[in-house]
Amino acid sequence: MADPVLDLRGLSKAFGALKATDDVSLTLLPGEIHALIGPNGAGKSTLMGLVSGKITPDAGEVRLGGQDITALSVANRARLGLGRSFQVSSLIPEYSALRNVMLAVQARQGHSYRFLKPVMRDRPLRDEARAILSRVGLDSRASVEAAVLSHGERRLLEIAVALALKPRCFLLDEPMAGLGSEGTARLVSFLQTLRQEAPILLVEHDMDAVFRLADRISVLVYGRIIATGSVDDIRANAQVRAVYLGEETSA
Amino acid sequence: MDSTRKEWLLNALIATALLAVPLWALMANEPFIITLATRIAILAIAAVGLNIALGLGGMVSFGHALYLGLGGYVAGIAAHHAFSGTTVLGLPGTNQMLPIWAIAMILSGAVAGVVGALSLRTSGIFFIMITLAFAQMGFFFTLSWPAYGGEDGLPIFVRNQFPGLNTARPWDMFLLSYAVLIAALILFAMLRAARFGAALMAIRQNPDRAAAIGISPFGIKLVGFIISGMITGLAGAMMADLTRFVSPAMLAWTMSGELIVIIILGGVGRLFGPVAGAAILVGFEVFFGGLTEHWKLWLGLVLLGVVLFARGGLIGLLAGRAQNG
Amino acid sequence: MSLALVLEQLLNGVQFGLMLFLMSAGLTLVFGVMGLINLAHGSLYMIGAFLCAAVSGITGNFWLGLMGGLTAAAAAGALIEVLVIRRLYVRDHLDQVLATFALILILSEAMRLIFGPFPLYLNVPSALRGTVSLGIVDYSLYRLALIGFGIAVALGLWVLIAKTRLGIRIRAGESDREMIAALGVNIRALYTIVFALGAALAGLAGALVGAIQSVQVGMGEPVLILAFVVIVIGGIGSIKGAMVGALLVGVIDTMGRFLLPRVFAAFLDTSQAMGVGAALASMLIYLLMALVLIFRPKGLFPAHG
């Protein structure tokens, strides 16, 4: 088996008495889409925070490409190749779509301490950002401010920003949220091509999408992973069915 | 006409007016007007400095008077020792503006580096208050340190020199200040358009996003804060030479407030915001100050009106919202 | 340097600290509940002092003046809240700083317009003149009364916040704005009441201190800055923090000014020691604040977890 790109080992985080993340271990292998599902309040956001570096774990470690990155800041992890998209669109609101992507390209190149040359005259920077925008189908909206893009367009821009980072793995936090069926279908086929570039850790509510995309699924309940396996394994898992059926009957 | 072109036209208009009015005053032999224009230019330089921290980086420094005062005291102390032929820390004084400016900027940059490194650990109201605290330390230090005049301040008997100019003449002093202002504005525009500015403005709007793509907010903000302090420090040295006097008042918290007011009146983050704001403030003081001794009441009302109802300042009012491409 | 002198300075520090607490309590409440930075808090202190001096000048009665000052500050606070401050709750800190900076200009000039450019004088009430013997030291009766008064008001405030219905709403407002709106509390009225309460405390402090200082335009700003130092040290939004911070600032500032020149006199000549000591002493509390923020970026008693 190939070495995992992303390797979470025994991660735990408590907020007071609440164990938001309880001894979570999980791997992301080259080329795979590993989906993380779980009912609301299962601790998905906390786990994403631990992986991205926003939250410091009480115990356990996060390894990226074999390197322990547990002590690194959000920015340093991103520079090492952790490409994150946000659950709630988190772009630079006053920047155009193009400038949002250009900023990500600039960040990847690591050259933010350049004081004199105007970015808009930086042809390679612009061209690369434009190419990425057209890959996600946003080229016609390049000059529109992120704040006035539609919800679906902002979700796509999130993906474009993650793409621009050319990460070693993608961390996608509910990319389908609020997209509608057509948008979801388009994004599903796009993610199928994205996995060629880097494996994807996908947190997603849309079960149809998860079952179509994922190679493996992990189920998070009350901060613990109760099952990890293929789509069929998870569909057949009695414990998982109990959690989800239970949730549906009570909802 | 789109708002970007409108803004450039307005900027050109302001730049021309700031040159034309004192030129007219030179012809009409009105040195007071020239000195007023010089004051506007120097205050504008100080505010251009603050505009980098506040306008681009969103760092609400309530202590930029510290750098203004530092620059001022560098000019005052250098002139003092040059005049008396004594030394300070083993160095002789000087009455040359260029070395004074260099020292003022290096010192302001160093202090801004320390203040910034400590203050940027906090945010929001805590950042506002800790920058204020550092400026207050400077204020009380100059107030109670007797060597350079304490609360009486320190006079500069003869204005410091600049090669090729007679700085004692109001017009020469104006031209010098105007040139430095234009240079500061060009620097601001270049920083804003460059990768550094792109990162700094992004951090202002969404620090979490900036970090998530690998731009660490702390370093970028700190560098922005240092550049900001250096420019304000330079303005302080020039201000001291204009008034030929430095005193703790230059470091008072109200001075920090005034610098922020200038930026708000003109337009936050706008290239010519500080120039427009400085012109409004000085113009207000001279015009209404001549009409009534209670002019600050009216200034307060105008400022309140701008904050509540016209958040883009003068430039925003006339040229519309800022465009970031 | 006698023990009596040290004790006297220590009492002065405590008295100063308690007056700072009256200023800081309102400031910290307004920030904790409404999230507002109010630079014009010092102006309310000034209004309290001016009205106290004016009313007691006319009636010849300090206590009537005190009531007048307190009422005027509370009324001014409520008026300012309704006219201006209310619009600032949703704004960022920069707008709040600027708008309340504008209020300082307006209120200071208004006082100058009404009362003229010269300072007013406010006499210590006759019942509290003179000194009282505290064993080794004869101490000003009025200052001692200020200490007692400060403690009484602090206790009253504690009861108000911990035990009354209004206090419950204030505390709920600090933790969750939506929740108290959901509970049907009239949030606008609550905010006006909290702001007026803070204003009344500031006005009270101004009136009380006015009797041992001159009453003049601009008297509020130095106290305002100190009150900010206090609440930042204490943890913004925390009344307990404001009390601890106020006493720390009051005692450290007073003792620093008293002791540092004497400490430096041990190894410098007298005039130099006075200079260095005074310079350092005046920076001391800002140094303290910077240190607190560096090591505890949210103050000693962070109000929100």
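Residue numbers (this note's numbering), protein chains in the order written: chain A, 852 to 1102; chain B, 493 to 817; chain C, 2 to 306. Glycine is no exception: its CB is placed at the ideal position from the N, C-alpha and C atoms.
Is it buried or exposed, Gly14 (chain C), if we count other Cβ atoms within 10 angstroms and call 16 or more buried?
Within the third sequence, numbered from 1, the residue matching residue 14 (chain C) stands at position 13. Counting Cβ neighbours within 10 Å, Gly14 (chain C) comes out buried, since at least 16 surround it.
Could you tell me which residues DSSP puts in a beta bridge with Gly761 (chain B)?
Reading the second sequence from its first residue, position 269 is the one you call residue 761 (chain B). Its beta-bridge partners do not exist; DSSP assigns none.
Quick check on Gly242 (chain C) - is its C-beta less than 7 angstroms from some C-beta in chain B?
In the third sequence, the residue the question calls residue 242 (chain C) occupies position 241. With 7 angstroms as the cut-off, Gly242 (chain C) does not count as an interface residue toward chain B.
The region 744-771 of chain B: positions lying closer than 7 angstroms to chain C by Cβ:
Trp745, Gly749, Ile752, Val753 and Ile756
Pick helix, strand or coil for Thr1100 (chain A), following the three-state DSSP scheme.
Residue mapping note: residue 1100 (chain A) aligns to position 249 of the first sequence, counting from 1. Residue placement at Thr1100 (chain A) cannot be trusted, given a pLDDT of 43 that sits under 50; what the coordinates show is reported in the next sentence. Reduced to three states, the DSSP call for Thr1100 (chain A) is helix.
Cβ atoms of Ala203 (chain C) and Gly27 (chain C): under 7 angstroms apart, would you say?
Taking the third sequence and counting its residues from 1, the one referred to as residue 27 (chain C) is at position 26. Taking the third sequence and counting its residues from 1, the one referred to as residue 203 (chain C) is at position 202. Contact: yes.
Just how far apart, CA to CA, sit Val139 (chain C) and Ser3 (chain C)?
Translated into positions along the third sequence, residue 139 (chain C) becomes position 138. Translated into positions along the third sequence, residue 3 (chain C) becomes position 2. Checking the sequence shown, residue 139 (chain C) turns out to be Asp, not Val. Approximately 13 angstroms, taken between the alpha carbons.
Between Leu562 (chain B) and Ala671 (chain B), what straight-line distance do the alpha-carbon atoms span, to the nearest angstrom?
If you number the second sequence from 1, residue 562 (chain B) lands on position 70. If you number the second sequence from 1, residue 671 (chain B) lands on position 179. Taking the straight line from one Cα to the other gives about 22 angstroms.
On the CB-based measure, 16 or more other CB atoms within 10 Å of its CB, does Leu683 (chain B) come out buried or exposed?
As a first step, residue 683 (chain B) is located in the second sequence; it is residue number 191 there, counting from the start. Classification for Leu683 (chain B): buried.
Could you pull the start and end residues of the beta strand (DSSP E) that Glu912 (chain A) belongs to?
Here residue 912 (chain A) is taken as the residue at index 61 of the first sequence, counted from 1. First-last of the beta strand (DSSP E) with Glu912 (chain A): Ala910 to Leu915.
Would Leu954 (chain A) pass as an interface residue toward chain B - the criterion being a Cβ-Cβ separation below 7 angstroms?
Counting from 1 along the first sequence, the entry for residue 954 (chain A) is found at position 103. It does; some Cβ of chain B falls within 7 angstroms.
With H, G and I counted as helix, E and B as strand and the rest as coil, what does DSSP make of Phe229 (chain C)?
Your numbering for residue 229 (chain C) matches position 228 in the third sequence. Residue state, collapsed to three classes: helix.
According to DSSP, is Gln1043 (chain A) part of a helix, a strand, or is it coil?
The residue given as residue 1043 (chain A) occupies position 192 in the first sequence. The answer is helix: DSSP assigns Gln1043 (chain A) an H, G or I state.
Using DSSP bridges, identify the partner residues of Phe866 (chain A).
Here residue 866 (chain A) refers to the residue found at position 15 of the first sequence. DSSP, once it has assigned bridges, lists A:Leu869 as partnering Phe866 (chain A).
Would you check if the distance between the CB atom of Ala929 (chain A) and the CB atom of Thr897 (chain A) is smaller than 7 angstroms?
By 1-based counting over the first sequence, the position of residue 929 (chain A) is 78. By 1-based counting over the first sequence, the position of residue 897 (chain A) is 46. No, they are not a contact pair.
Sequence-distant residues of its chain with Cβ nearer than 8 angstroms to Ser941 (chain A) (five each side left out):
Your numbering for residue 941 (chain A) matches position 90 in the first sequence. Once the five neighbours on either side are set aside, the close Cβ partners of Ser941 (chain A) are Glu1009.
What separation, rounded to the nearest whole angstrom, lies between the Cα atoms of Pro514 (chain B) and Leu225 (chain C)?
Along the second sequence, read from residue 1 onward, the residue named residue 514 (chain B) stands at position 22. Along the third sequence, read from residue 1 onward, the residue named residue 225 (chain C) stands at position 224. Approximately 40 angstroms, taken between the alpha carbons.
CA nearest to the CA of Gly582 (chain B), picked from B:Thr784, B:Leu789, B:His573 and B:Gln588
Position 90 of the second sequence holds residue 582 (chain B). Among B:Thr784, B:Leu789, B:His573 and B:Gln588, the Cα nearest to that of Gly582 (chain B) is on B:His573.
Distance, Cα to Cα, Ile137 (chain C) vs Thr634 (chain B)?
Reading the third sequence from its first residue, position 136 is the one you call residue 137 (chain C). Reading the second sequence from its first residue, position 142 is the one you call residue 634 (chain B). C-alpha separation (whole angstroms): 37 angstroms.
Interface flag, Arg965 (chain A) vs chain B, CB-CB below 7 angstroms:
Start at 1 with the first residue of the first sequence, and residue 965 (chain A) comes out as number 114. For Arg965 (chain A), the answer is yes, since a Cβ of chain B falls inside 7 angstroms of its Cβ.
In terms of alpha-carbon separation, which member of A:Asp874, A:Val952, A:Phe1021 and A:Glu979 lies closest to Gln1047 (chain A)?
Counting from 1 along the first sequence, the entry for residue 1047 (chain A) is found at position 196. For the residues A:Asp874, A:Val952, A:Phe1021 and A:Glu979, the minimum Cα distance to Gln1047 (chain A) belongs to A:Phe1021.
Between Thr29 (chain C) and Leu158 (chain C), what straight-line distance do the alpha-carbon atoms span, to the nearest angstrom?
Indexing the third sequence from 1 puts residue 29 (chain C) at position 28. Indexing the third sequence from 1 puts residue 158 (chain C) at position 157. Roughly 13 angstroms between the two C-alpha positions.
Decide if Asp733 (chain B) is buried, meaning its Cβ has at least 16 other Cβ atoms within 10 Å, or exposed.
Taking the second sequence and counting its residues from 1, one reaches residue 733 (chain B) at position 241. Asp733 (chain B) should be labelled buried.
List the residues of chain A whose Cβ lies closer than 7 angstroms to the Cβ of Arg687 (chain B), in chain order.
Position 195 of the second sequence, counted from the start, is the residue given in the question as residue 687 (chain B). Here the neighbours are Gln957, His962, Ser963, Arg965 and Val970.
Starting from Phe1021 (chain A), follow its DSSP beta bridges and name the residues at the other end.
Here residue 1021 (chain A) is taken as the residue at index 170 of the first sequence, counted from 1. In DSSP, Phe1021 (chain A) forms a bridge with A:Gly934 and A:Ile1051.
Is it the case that the Cβ atoms of Gly759 (chain B) and Gly808 (chain B) are separated by a distance below 7 angstroms?
Taking the first residue of the second sequence as 1, we reach residue 759 (chain B) at position 267. Taking the first residue of the second sequence as 1, we reach residue 808 (chain B) at position 316. The answer is yes: Cβ separation under 7 angstroms.
Expressed to the nearest angstrom, what Euclidean distance is found between the alpha-carbon atoms of Ser1040 (chain A) and Ala609 (chain B)?
The sequence position of residue 1040 (chain A) within the first sequence is 189, counting from 1. The sequence position of residue 609 (chain B) within the second sequence is 117, counting from 1. Between Ser1040 (chain A) and Ala609 (chain B), the C-alpha separation is close to 47 angstroms.
Simplified DSSP assignment, three categories, for Phe302 (chain C)
On the third sequence, residue 302 (chain C) is found 301 positions in, with the first residue counted as 1. The answer is coil: DSSP assigns Phe302 (chain C) none of H, G, I, E or B.
Looking at the structure shown, is Leu880 (chain A) part of a helix, part of a strand, or coil, going by DSSP?
For the purposes of this step, residue 880 (chain A) is taken as residue 29 along the first sequence, with counting starting at 1. Reduced to three states, the DSSP call for Leu880 (chain A) is coil.
Listed by chain order, chain B residues near Ala926 (chain A) by CB distance under 7 angstroms:
Against the first sequence, residue 926 (chain A) aligns to sequence position 75. Within 7 angstroms Cβ-Cβ: Ala703, Gly706, Ile707 and Ser708.
Using only the alpha-carbon positions, how far apart do Ala704 (chain B) and Ala1015 (chain A) sit?
Counting from 1 along the second sequence, the entry for residue 704 (chain B) is found at position 212. Counting from 1 along the first sequence, the entry for residue 1015 (chain A) is found at position 164. Taking the straight line from one Cα to the other gives about 12 angstroms.
Neighbour-count burial assignment, Gln918 (chain A), 16 or more Cβ in a 10 Å radius:
As a first step, residue 918 (chain A) must be located in the first sequence, where it is residue number 67. When all chains shown are included, Gln918 (chain A) counts as exposed.
From Tyr1095 (chain A) to Trp500 (chain B), what distance separates their C-alpha atoms?
One-based indexing of the first sequence puts residue 1095 (chain A) at position 244. One-based indexing of the second sequence puts residue 500 (chain B) at position 8. Each residue's Cα considered, the two are about 60 angstroms apart.
Counting only Cβ pairs nearer than 8 angstroms, list the residues of chain B close to Glu9 (chain C).
As a working mapping, residue 9 (chain C) is identified with position 8 in the third sequence. None at all; the shortest Cβ gap to chain B is about 22 angstroms.
Residues of its chain near Gln16 (chain C), where Cβ-Cβ distance is below 6 angstroms and the 5 sequence neighbours each way are ignored:
In the third sequence, residue 16 (chain C) corresponds to position 15, counting from 1. Contacts found: Arg144, Leu147 and Ile148.
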